[in-house]
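Chemist: If you count the sequence shown from 1, you need to add 2 to reach our numbering.
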Amino acid sequence: MIQNKSMNYVGEEIDVYKDLIRKLKKLADKYSIQYALLWYIYLRKDVKFGELYKLYNYLSNNSVVREATVRKQLQQLERKGLVRRYEDKYVALVDPKDVEDLFDRDRSKVGRIGAAIRHLRIEQKNLKVSPGLVYYTKQVIEAAKELVRKGRRSVALDLLTHTLLPLRENEILWLWHGDLFVYYTSKTGAARFRAIKSEEISKLLRKLGFSEGIMIFHVLGHNEASRIIHKLFQRGPYSWPWARSVSYGLKQIGLLQEIDDLYKIQLKRMDNRIELTLWNLYTKELIASYSIDWSGKELPEPLKDRSYVVATVLGRQHVKQEIEVDSYFSKWSM
């Protein structure tokens, strides 16, 4: 191979592959240094931390960064299920081409929880649960039951989606399959998806008469569900964050679980027909395949202005632990 002598941040000579380094620098500029690190680990098979530390500094235009900074970037790759550490070596678990959509430049720049309770089996689990969490969970489910009784199913589903599941006001639940929920998040501005599991919420939805599959019809009831959320939580502009925090309370007591697997989702629009396919990124195993006819005025994101989308689905919530604790878990602390 053609090798080139380059100087690292302390002036030591390191052997680098000229073409590889050029490509890694382009990846770092276009996406992030983290994505470049993933590519390097993938190509080199197993890489020691020291080698990655030198590479990180090299890609940082020779500025000196702390080891803790590089370890944090590698830990984020681990949490996403993209690499695994064995002692002081790192190996890639995926082909970087398959997860390119996880690394958008804008994100890189920012650095980046009665009858209702029985439905969710909180009492049977003998858990210490905040009375506030019990109260709001009960209020939400009773409201949803009444909406279903009146035939306003899309409103009921939207209400449940934005309280018992961790979806923000403008996020879309695309798929319910078994105990798995896959939703679109527009937080980063890219076509991103998250997945979460809950046996209890799946049982609740079945008890309310909902069927598994593509769930985007909940957006048709969003305006009315929004009014109900403001009425239930009564916190003015903070009603939506409070509504979403219920899901974090449920997560805190183990009724929502994050997922270690990574998935790929494919969405296709053909006139009014929508097809969804989900498969395991690691094993390529088909997980789910559904189609529906859409009669709404416009399709929800990310098919609003597109007819075809393929994206990676993360099973880990990209929320810093301190933010999760201070902003969400603290509302339901005992």
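Cβ atoms here follow ideal geometry from the backbone N, Cα and C, with glycine treated the same way.
Taking 8 Å as the threshold, find out whether the stretch 159-173 comes into contact with the stretch 219-239 through three or more Cβ pairs.
Modeler: Because the criterion of three Cβ pairs below 8 Å is met, the stretch 159-173 and the stretch 219-239 touch.
Chemist: Going by DSSP in three states, residue 215 sits in which element: helix, strand or coil?
Modeler: It is a strand residue.
Chemist: Can you find at least 3 beta carbon pairs, one from the stretch 240-256 and one from the stretch 131-139, that sit closer than 8 Å?
Modeler: The stretch 240-256 is in contact with the stretch 131-139.
Chemist: Between the C-alpha atoms of residue 200 and residue 103, what's the straight-line distance to the nearest angstrom?
Modeler: One C-alpha to the other measures close to 26 Å.
Chemist: Count the other CB atoms within 10 Å of the CB of residue 217; is the residue buried (16 or more) or exposed (fewer)?
Modeler: Buried, by the Cβ-count rule.
Chemist: Please state if the CB of residue 223 and the CB of residue 157 are separated by a distance shorter than 8 Å.
Modeler: In this structure, residue 223 lies closer than 8 Å to residue 157 by Cβ.
Chemist: Using a Cβ-Cβ cut-off of 7 Å (strictly less than) and excluding sequence neighbours within five positions of residue 188, which residues of its own chain qualify?
Modeler: Cβ within range, chain order: 172, 173 and 303.
Chemist: Helix, strand or coil for residue 45? Go by DSSP, reduced to three states.
Modeler: Reduced to three states, the DSSP call for residue 45 is helix.
Chemist: Bridge partners for residue 295 per DSSP, in chain order?
Modeler: In the DSSP output, where bridge partners are listed per residue, residue 295 has 275.
Chemist: Find the nearest neighbour of residue 276 within the set 27, 219, 262 and 47, judged by alpha-carbon distance.
Modeler: The shortest C-alpha separation from residue 276 is found at 219.
Chemist: For residue 194, which residues does DSSP report across the bridge?
Modeler: The partner list for residue 194 (beta bridge, DSSP) reads 187.
Chemist: Quick one: is residue 285 buried, meaning 16 or more other Cβ sit within 10 Å of its Cβ, or exposed?
Modeler: Looking at its Cβ environment, which holds fewer than 16 other Cβ atoms inside 10 Å, residue 285 is exposed.
Chemist: What's the C-alpha gap between residue 34 and residue 95?
Modeler: Between residue 34 and residue 95, the C-alpha separation is close to 19 Å.
Chemist: Between residue 36 and the rest of its own chain, which residues show a CB-CB distance below 8 Å, the 5 nearest in sequence each way excluded?
Modeler: Closer than 8 Å at the Cβ level, and outside the excluded window around residue 36, lie 75, 78, 79, 105 and 110.
Chemist: Measure the beta-carbon distance from residue 204 to residue 180 and round it to whole angstroms, keeping in mind my assumption that it falls under 8 Å.
Modeler: 7 Å between Cβ atoms; contact.
Chemist: Identify the residues that DSSP records as bridge partners of residue 87: which are they?
Modeler: Answer is 92.
Chemist: According to the neighbour-count rule (16 or more other Cβ atoms, all chains shown, within 10 Å of its Cβ), is residue 83 buried or exposed?
Modeler: That one is buried.
Chemist: Which one or two residues does DSSP pair with residue 163 in a beta bridge?
Modeler: Answer is none; residue 163 lacks a bridge partner.
Chemist: Just the Cα atoms here: how many angstroms apart are residue 317 and residue 265?
Modeler: One C-alpha to the other measures close to 8 Å.
Chemist: Reducing DSSP to helix, strand and coil, say where residue 280 ends up.
Modeler: Strand, per DSSP.
Chemist: Between the Cα of residue 60 and those of 282, 44, 31 and 97, spot the shortest distance and give me the residue it belongs to.
Modeler: Looking at the Cα atoms, 31 is the closest of the given residues.
Chemist: Return the chain-ordered list of same chain residues with a C-beta closer than 6 Å to the C-beta of residue 142, the five sequence neighbours on each side being excluded.
Modeler: These residues qualify, in order along the chain: 165.
Chemist: Can the beta-carbon of residue 297 be found less than 8 Å from the beta-carbon of residue 274?
Modeler: Yes, the Cβ-Cβ distance between residue 297 and residue 274 is below 8 Å.
Chemist: What residue from 185, 207 and 196 has the CA that sits closest to residue 339's CA?
Modeler: The chain is shown only over 3 to 336; residue 339 falls outside these bounds and no answer can be derived.
Chemist: According to DSSP, simplified to helix, strand and coil, what is residue 316?
Modeler: Residue state, collapsed to three classes: strand.
Chemist: Give the DSSP-derived three-state secondary structure of residue 209 in the structure shown.
Modeler: Helix at residue 209.
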